[in-house]
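In the UniProt record's numbering, the protein residues as written are 1 to 249. By construction, the Cβ of each residue, glycine as well, lies at the ideal position given by its N, Cα and C atoms.
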């Protein structure tokens, strides 16, 4: 069942989203060779606490950290660690913020120092794919229109879209209906309606779209060792179109 949100609920989620976006802007200043994702995770804990918010995924199904920190070929759900980031790497920081019971979810990929042209292309295409998906999130369209717009753009740029991890509804809990794949056919899937709140979060690989799981049971990575990037916003559907609740603008 898809739960439609009231204006009051959307406003509460927007406040959570503003805290999350502010945190990402601070993280962007920290990203450089030598910093660790453990330090970033500790910073996020402190930042959220100072803003009277909490990291919602900490404790979710036993997950132990405030953030997911996925490096290079890790697609999602990487654990924060104490190894320093190196020049030319990329890291995706993903977090869910709880502010007075309202949730917001956003991931952002960052270049560590100077990256190759191939990796720079990956980052630019993945971010653009997110916004191409958001453009399709208007009342009357279908969920498949979002995935189709993302997939056709990404594959047209010579990259691949991960199939095994998708966007999702969000509200009082992290994962609600509808499921939001980043691939698919136009005109298929649930009808997009005013009051829906969900994430769009394309994960894009330089190589093949296939994934494999680490022994920790959480971290997914590319099967061919190529880099993967992800950008994610939480959006609310209004009669006038989508509002980005986690906007950093």
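Neighbour-count burial assignment, residue i, 16 or more Cβ in a 10 Å radius
| i | result |
| --- | --- |
| residue 62 | exposed |
| residue 44 | buried |
| residue 17 | buried |
| residue 109 | buried |
| residue 7 | exposed |
| residue 28 | exposed |
| residue 74 | buried |
| residue 210 | exposed |
| residue 214 | exposed |
| residue 41 | buried |
| residue 20 | buried |
| residue 196 | buried |
Pairwise C-alpha distance: residue j and residue i
| i | j | result |
| --- | --- | --- |
| residue 190 | residue 144 | 8 Å |
| residue 64 | residue 130 | 28 Å |
| residue 46 | residue 56 | 14 Å |
| residue 199 | residue 168 | 5 Å |
| residue 172 | residue 101 | 7 Å |
| residue 236 | residue 95 | 18 Å |
| residue 67 | residue 32 | 18 Å |
| residue 187 | residue 180 | 13 Å |
| residue 9 | residue 142 | 23 Å |
| residue 15 | residue 120 | 32 Å |
| residue 84 | residue 22 | 24 Å |
| residue 218 | residue 139 | 34 Å |
| residue 3 | residue 244 | 18 Å |
| residue 205 | residue 136 | 22 Å |
| residue 183 | residue 149 | 8 Å |
| residue 13 | residue 90 | 29 Å |
| residue 178 | residue 1 | 8 Å |
| residue 133 | residue 232 | 11 Å |
| residue 81 | residue 36 | 7 Å |
| residue 115 | residue 72 | 11 Å |
| residue 155 | residue 208 | 11 Å |
| residue 220 | residue 201 | 15 Å |
Coarse secondary structure for residue i, derived from DSSP in three states
| i | result |
| --- | --- |
| residue 147 | helix |
| residue 2 | coil |
| residue 100 | coil |
| residue 108 | strand |
| residue 174 | coil |
| residue 182 | coil |
| residue 115 | coil |
| residue 142 | strand |
| residue 43 | helix |
| residue 8 | helix |
| residue 19 | helix |
Residue nearest to residue i in terms of C-alpha spacing, selected from the options
| i | options | result |
| --- | --- | --- |
| residue 224 | 215, 235, 160, 230 | 160 |
| residue 212 | 8, 23, 77, 39 | 77 |
| residue 105 | 135, 205, 53 | 53 |
| residue 166 | 249, 244, 234 | 234 |
| residue 147 | 162, 88, 157 | 162 |
| residue 98 | 85, 36, 60 | 60 |
| residue 216 | 24, 4, 72, 79 | 79 |
| residue 240 | 194, 232, 231, 227 | 194 |
| residue 151 | 128, 11, 26, 170 | 128 |
| residue 38 | 19, 70, 107 | 70 |
| residue 118 | 246, 228, 249 | 228 |
| residue 34 | 112, 5, 48 | 112 |
| residue 192 | 156, 238, 170, 226 | 238 |
| residue 222 | 93, 164, 125 | 164 |
Identity of the residues DSSP links to residue i by a beta bridge
| i | result |
| --- | --- |
| residue 228 | 205 |
| residue 241 | 238 |
| residue 31 | BP columns for residue 31 are empty, so no partner. |
| residue 70 | 92 |
| residue 198 | 169, 235 |
| residue 191 | 142 |
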